[in-house]
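Working notes, beginning with the structure itself.
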Amino acid sequence: MSTSENDASAPASTSQRIDASVQAELNRLRESIDNIDAAVVHMLAERFKATQQVGRLKADHQLPPADPARETRQITRLRQLAQSANLDPAFAEKLLNFIIAEVIRHHERIAEETDNGNGSATAAEA
């Protein structure tokens, strides 16, 4: 692999030449990160498909969009998983809180659409 400043994987502001073995290792690690990012996005998409189904079920049965007891259990569970995976539990909790807030927002919208007699409009989101 070329270590020239024209290397697309090298930052534009890099004025020094990067050793070819270092650049190769950076490229390998970044490719792995890119693959993991893609997997995370696909896993989130699958998660949201499932939560959309939950939202429709809740709306059909007039259940509240949020379930604070489950959310608390999920946060506790995720913090434990993070700890065992050597991931900062506070970061994991922040991430899950963000996801939960988005899920609740979706559930509220689904409930509103169901109340308005437009429950089938959410099928395109699944």
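Heads up, the sequence shown is in this note's numbering, so the first residue is 3 and it goes up one at a time. C-beta atoms are modelled at their ideal positions from N, C-alpha and C, and glycine is treated no differently.
Are at least three pairs of beta-carbons, each pair with one atom in the stretch 16-28 and one in the stretch 66-75, less than 8 angstroms apart? no
Consider the C-beta atom of aspartate 39 and the heavy atoms of the ligand PLP; say whether any pair is separated by less than 7 angstroms. Although the ligand PLP was asked about, the structure shown includes no ligands whatsoever.
For threonine 116, I'd like the list of residues in its chain whose CB is within less than 7 angstroms of its CB, leaving aside the five on either flank, ordered along the chain. Ala61, Asp62
Is the stretch 101-116 close to the stretch 49-68, with three or more CB pairs under 8 angstroms? yes
Rounded to the nearest angstrom, what separates glycine 57 and alanine 40 at their Cα positions? 25 angstroms
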